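In what follows, a single structure is set out as structure tokens and then discussed.
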Amino acid sequence: MPHAKLFLHRRQQVKTFGLTATAISVIALSASAAAARDQIQVAGSSTVLPYATIVAEAFGENTDYPTPVVESGGSSAGLKKFCEGVGENTIDIANSSRQIKESEIEACAAAGVDEIIEVRIGYDGIVFANASEGPEFAYTPADWFNALAAQIVVDGQIVENTNSNWNEVNPDLPEQEILAFVPGTKHGTREVFEEKVILAGCEESGAMEVFMAEMADEDAAETACMSLRTDGRSVDIDGDYTETLSRIESAANGIGVFGLSFYENNMDKLKVGTMSGVTPSTETIASGEYPVSRPLFFYVKKAHIGTIPGLEEYASFFVADELAGPDGPLAQYGLVSDPELAATQDAVANQETIQ
Amino acid sequence: MTDFPMPSDASRKPSKSSLLVADARTRKRNAAEKRFRAYGAGAIAIAMLALVILLTTIIGGGAGAFRQTYLSIPVALDAEVLDPKGNRDPAEMSKVLTLSYGRVLDAAVVEAVKANGIEIDGLTPKDMSGLISKEASAQLRNRVLADPELLGQTVDVNVLVNGRVDGYFKGRVTMESAAADGNTSPEQLKLANVLKEGGMLVTRFNWDFVTNPDASDQRPEAAGVGVAILGSLYMMLVVLFLAVPIGVAASIYLEEFAPKNRWTDIIEVNISNLAAVPSIVFGILGLAAFINFAGLPQSAPIVGGLVLTLMTLPTIIISTRAALKAVPPSIRDAALGVGASKMQSVFHHVLPLAMPGILTGTIIGLAQALGETAPLLLIGMVAFVREFPGAPLEGLFDPATALPVQIYNWTQRADPAFIERASGAIIVLLVFLLCMNVLAVILRRRFERRW
């Protein structure tokens, strides 16, 4: 009997080693073959993510192509991944909540990604909201600049920002401690916030001229305008809007920066402030009355058209009237439809690349 | 001798108390033991309380995900909308998008409200059309494309309702919150109430949550963990088939065969060190080694599995070595004494006896790997994936997500209904872990040997 047992043990042994060998050979095999990819890979902006998932889902349902895989992670991270190179193990589309930068185009070209199709899908508003039980706010960009900039101008002098209450910034604003949750630097929303609110406020309040006189260099003055205070009044949120929302829920005097669509999905928890007297909505953003809006984009790697099935179709499906038009599901979710959508559709059809 | 208390010292006289009456020192010792036991019981009580709080919040928040509200209504399939060319050719008909089917469904709700004589003040067409989930249009489209003859007929459908209305029946949405909400209205909820009384609206158990793939932000009611379960399962298989043989073989060699010298010392220190390396580091390594260098696809469970294998190996090696060390040397000596070779003594005697310990270590390693999100972030698995991966082995190369990733993903969505989904996914993850642990206990029982 011991012999039988011994034999059994050896057989088990052989089996284990056999399995290991199979597993290793499978990996080796795959590494050389790198199975052809048949679904589109998308990455980038968390602002564009909900729109991209709505389109991806509808694309999978309405066509014979598989549903694209959509990753989040922020505009800059997405574009960086996009610019890694050409090939099946790189992504096909980068979503971005800001336009691609010159430096990124260069980085792309250096990695062999020289043909990029830019597609503008519509506009998104950036709104400022506090907890629904809080007071009503009516801001101007200058208020935000004076509340959050690191250095402000008082009586023609550049001083460190020591404002601690909104009514110190502007007597018309409610008495509430300044505490703002702004998107972190990896978000495209941050740049729009800096440019359209802080910088605009800097110019509006006349601080820009003082900075210009002081520094004699426009870039330096703009940088000085846009640097936010670091004493804890302005808090960078690197996560998504849900994180901003939960921070506001736990800090009653906090004010958060959100995308319009996020606000529209959480209207019962948030109270939105007006900007220069205009309440944000798809209508006021479309008409251009609400000042803080930005275009949303996605970028397609032209070299992948033809090798990745459905890439071209996905791009044109995204900007089709049925989806991105004013009555489409994207507009329902909070996207402000682009008035020049027809031109975008043509550009996608002709595969026009960035020069 | 001077500092030793003298028996003649009056204060140190041995007490004359009987055995039945405890003296002061005994009482003190007994009290200390009692206190220590109380501390222990207190610690257990705190841990239990934490567990109970955790479980009640998760189950309270997530149980809703397993129940879903469905609406059954008759739908008139308008041939002019759904087949504009009128030739019943599925290829032509597939040009009609789900959005048109959505409108057909919306019209059906308006029709049903009229047919049942429901009258609610201030009820707008938007309230009625918003009742049905957007998922329903895809279901209806597939049904019609599969059988074009249905066109022109009136068919009964059983479809999901919108996440807000569903939330109303689960207590997440109230009339007050609906009044402030742009996506629903108190009138819509009143209509839902009436339909529920009429038996058209039913909240029932929802298997779809376990089998469905993820869904976009517009339809939280249809989102499920199907792809995530498969992805996690595939990754666990990869880890099991790679980490266990490699880990066990490495430990046997190090423990039983390797000479004790400077090299093995360095290896040993490194293994212990690796066990404490943050998991995100393995993700960076995986991106560089498996995706950029080896050219494996993004978002694939095989890459996730390989990364997690690297992460789990140190845990498995350390626990396997501990288990091998715990086998008494007498077993080895006896085997060698009756003429077994070193290898025979290890494989026939030491390894089977160490098996329970190895299994425990393996399961702990696997459980740790199952809950890991950070390394998957870098290899593209934190993504929106709706297509189910194929059967192994090819399916290992298809995109998939994993359970912890799905939970993380859902907590970031704008629609509050996804929070319930996230809690539901946590329940699924806990059940998954429980199954793994039960399996480990069963296996351990079978291998357990006493000496």
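Protein chains in written order, with my numbering: chain A, 1 to 355; chain B, 1001 to 1451. In this text, a Cβ means the ideal position worked out from N, Cα and C, and glycines have one as well. Source: prediction; values computed, not measured.
### Message
When you compare the stretch 1299-1317 of chain B with the stretch 1267-1278 of chain B, are there three or more beta-carbon pairs, one atom per stretch, that lie closer than 8 Å?
### Response
These segments touch.
### Task
Determine the extent of the alpha helix (DSSP H) in which Ala1024(B) is found, giving its start and end residues.
Run containing Ala1024(B): Ala1024 to Gly1062, per the alpha helix (DSSP H) assignment.
### Task
Thinking Val48(A) and Phe298(A) are a contact (beta carbons under 8 Å), I'd like their distance in whole angstroms, please.
About 7 Å separates the two Cβ atoms, so the contact holds.
### Query
How long is the line joining the alpha carbons of Val1018(B) and Arg1444(B), rounded to whole angstroms?
Reading the sequence as shown, one finds Ser at residue 1018(B) and not Val. About 51 Å.
### Query
Taking the alpha carbon of Phe1388(B) as the point to measure from, which residue in Gly1380(B), Pro1375(B), Leu1378(B) and Ala1402(B) has its own alpha carbon closest?
For Phe1388(B), the nearest C-alpha among the options comes from Ala1402(B).
### Task
State the beta-bridge partners of Lys301(A) as determined by DSSP.
For Lys301(A), DSSP records a beta bridge to Ile116(A).
### Message
Does any residue of chain B have a CB that is nearer than 7 Å to the CB of Tyr290(A)?
### Response
Taking a beta-carbon distance threshold of 7 Å, Tyr290(A) does not count as an interface residue toward chain B.
### Message
What does the Cβ neighbour count give for Ala342(A), buried or exposed, with the cut at 16 atoms within 10 Å?
### Response
Counting other Cβ atoms within 10 Å of its Cβ, Ala342(A) stays below 16 and is therefore classed as exposed.
### Query
Would you call the stretch 262-281 of chain A and the stretch 125-137 of chain A touching, i.e. three or more CB-CB distances under 8 Å?
Touching, per the Cβ criterion.
### Query
What separation, rounded to the nearest whole angstrom, lies between the Cα atoms of Trp166(A) and Pro183(A)?
Computed Cα separation, rounded: 20 Å.
### Query
What's the call for Thr282(A), buried or exposed, on a 16-neighbour Cβ count within 10 Å?
Burial state of Thr282(A) is buried, judged by a 10 Å Cβ sphere holding 16 or more other Cβ atoms.
### Task
Return the CA-CA distance between Glu1080(B) and Gly1086(B), expressed in angstroms with no decimal places.
If you draw a straight line from the Cα of Glu1080(B) to the Cα of Gly1086(B), it is about 7 Å long.
#### Entry: Through-space distance from Arg247(A) to Ser1094(B), alpha-carbon basis
Taking the straight line from one Cα to the other gives about 46 Å.
### Query
Phe156(A): which of Tyr263(A), Phe211(A), Leu323(A) and Glu102(A) sits nearest, CA to CA?
It should be noted that the sequence gives Gly, not Phe, for residue 156(A). With distances taken between Cα atoms, Gly156(A) lies closest to Phe211(A).
### Query
Would you call Val159(A) buried or exposed, if buried means 16 or more other Cβ atoms sit within 10 Å of its Cβ?
Note on Val159(A): under 16 other CB atoms within 10 angstroms of its CB, so exposed under the neighbour-count rule.
### Task
Can you have a look at Ala1425(B) and say buried or exposed, based on whether 16 or more other CB atoms are within 10 angstroms of its CB?
Buried is the call here.
### Query
With DSSP run on the structure shown, which of helix, strand or coil describes Asn1212(B)?
Coil at Asn1212(B), not helix or strand.
### Task
Kindly indicate if chain A contains any beta-carbon less than 7 Å away from that of Leu993(B).
Residue 993(B) falls outside the range modelled here, since chain B spans only 1001 to 1451, and no answer is possible.
### Task
List the residues of chain B whose Cβ lies closer than 8 Å to the Cβ of Asp240(A), in chain order.
One finds Gln1412 in chain B with Cβ atoms closer than 8 Å to the Cβ of Asp240(A), taken in chain order.
### Query
Sorted by chain position, which residues of the same chain lie with C-beta nearer than 7 Å to Glu177(A)'s C-beta, five sequence neighbours on each side aside?
So the list reads Ser164, Asn165 and Asn253, once near-sequence residues are dropped.
### Task
Check each candidate in Ala347(A), Cys108(A), Thr162(A) and Phe181(A) and name the one with the smallest Cα separation from Gly259(A).
Per the C-alpha coordinates, the member of Ala347(A), Cys108(A), Thr162(A) and Phe181(A) positioned closest to Gly259(A) is Phe181(A).
### Query
Smallest Cα separation from Val1096(B): which of Ile1427(B), Phe1447(B) and Asp1078(B)?
For Val1096(B), the nearest C-alpha among the options comes from Asp1078(B).
### Query
To the nearest whole angstrom, what separates the beta carbons of Gly1224(B) and Thr1211(B), a pair I think is in contact under 8 Å?
Contact holds; Cβ gap of about 6 Å.
### Task
Go ahead and pull the three-state DSSP assignment for Ile91(A).
In the three-state reduction of the DSSP assignment, Ile91(A) falls in the coil class, being assigned neither a helical nor a strand state.
### Query
Would you call Ile1044(B) buried or exposed, if buried means 16 or more other Cβ atoms sit within 10 Å of its Cβ?
Looking at its Cβ environment, which holds fewer than 16 other Cβ atoms inside 10 Å, Ile1044(B) is exposed.
### Query
Whole-angstrom Cβ separation of Val119(A) and Val278(A), contact assumed at under 8 Å?
Not a contact, Cβ separation roughly 28 Å.
#### Entry: Span separating the alpha-carbon of Ala220(A) from that of Asp1214(B)
When rounded, the distance between both Cα atoms is 47 Å.
#### Entry: Boundaries (first-last residue) of the beta strand (DSSP E) holding Asp327(A)
Asp327(A): not part of any beta strand (DSSP E); DSSP gives it neither H nor E.
### Query
If we count Cβ pairs, one from each stretch, closer than 8 Å, do we get three or more for the stretch 299-317 of chain A versus the stretch 83-103 of chain A?
Cβ pair count under 8 Å is three or more, so yes.
### Query
In or out: Thr1057(B) buried (at least 16 other Cβ within 10 Å) or exposed?
Around the beta carbon of Thr1057(B), fewer than 16 other beta carbons sit within 10 angstroms, so the residue counts as exposed.
### Task
Report yes or no: is there a C-beta of chain E within less than 7 Å of the C-beta of Val1159(B)?
The structure shown contains no chain E; its protein chains are A and B.
### Message
Any beta carbon of chain A sitting closer than 7 Å to that of Gly1182(B)?
### Response
For Gly1182(B), the answer is yes, since a Cβ of chain A falls inside 7 Å of its Cβ.
### Task
Could you confirm whether any beta carbon from chain A is found closer than 7 Å to the beta carbon of Thr1098(B)?
Contact of Thr1098(B) with chain A is assigned, a C-beta pair being separated by under 7 Å.
#### Entry: Short-range partners of chain A found in the stretch 1290-1314 of chain B, where Cβ spacing is below 8 Å
The residues in question are Ile1291, Asn1292, Ala1294, Gly1295, Leu1296, Pro1297, Gln1298, Ser1299, Ile1302 and Leu1306.
### Exposed unless 16 or more other CB atoms sit within 10 angstroms - verdict on Ile1358(B)
Its Cβ being crowded by 16 or more others within 10 Å, Ile1358(B) is buried.
### beta strand (DSSP E) segment containing Pro183(A), residue limits
For Pro183(A), the uninterrupted beta strand (DSSP E) run begins and ends at Ala180 to Pro183, by DSSP.
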